[in-house]
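Just below is one structure, and these are the notes that go with it.
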Amino acid sequence: MYASFKEMPPVLKFLTGMAIFFIFLFFKATIPGMFGTFTYNGEVLEFNEIWERGFGVPLIIIGLLVPLSGVSVLLKQKYSRHFYCFALAVAVSMPALEERDFYALVFFLIVPVIAAIYLFSFNEVRRYYVT
958 MYASFKEMPP VLKFLTGMAI FFIFLFFKAT IPGMFGTFTY NGEVLEFNEI WERGFGVPLI
1018 IIGLLVPLSG VSVLLKQKYS RHFYCFALAV AVSMPALEER DFYALVFFLI VPVIAAIYLF
1078 SFNEVRRYYV T
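Positions in the sequence shown are counted from 1; adding 957 to them yields our numbering.
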């Protein structure tokens, strides 16, 4: 795995590393007191408040889906780029869907579109997947 990470283009390294760090959201939603408090719209939420407000399940979904997509990119699995784009789309759209803010949803979905353009059209990423 380390050899695959070393041969990745720099932007792909960043995207993969960022995805793997999303595991902390999973830990935050499942382990009380892990990493202190959670802030939402400037309001500090404790572990119980995260679950009372309905953030627990989305944090678990994002906290598992995005790191798995990052690991799949690291392992050069066949559909890892597709999976990464899907996971990123879920991660950025879930907060807007929870608040029913569909205008923000359109804006947030620009992020996975840009990631898809990078993952599927840049030659350096294509070379990474060929080797």
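Every residue gets a Cβ at the ideal spot worked out from N, C-alpha and C, and that includes glycine.
Quick caveat: nothing in here was measured; it's all calculated off a predicted structure.
Counting only runs of 4 or more residues that sit fully inside the region 995-1060, the alpha helix (DSSP H) segments are 1004-1009, 1013-1031 and 1037-1056, in chain order. Excluding sequence positions up to five before and after K985, its CB lies within less than 7 Å of the CB of M991, F992, F995 and L1016, all in the same chain and listed in chain order. The alpha carbon of A1048 has as its nearest neighbour, out of E1003, Y1086, V1068 and S1037, the alpha carbon of V1068. If you draw a 10 Å sphere on the C-beta of A960, you find fewer than 16 other C-beta atoms in it, and that means exposed.
For the set F1059, G1027, G1013 and V1063, the Cα lying nearest the Cα of F978 is the one of G1027. Excluding five sequence positions before and after F962, the CB atoms of its chain that fall closer than 8 Å to its own CB belong to K970, T973 and L1031, given in chain order. The alpha-carbon separation between Y1041 and V1001 amounts to approximately 30 Å.
Spanning the alpha carbons of L1066 and Y1075 requires a straight line of approximately 15 Å.
In summary, S1029 is buried, with 16 or more beta-carbon neighbours lying within 10 Å of its beta-carbon over all protein chains present.
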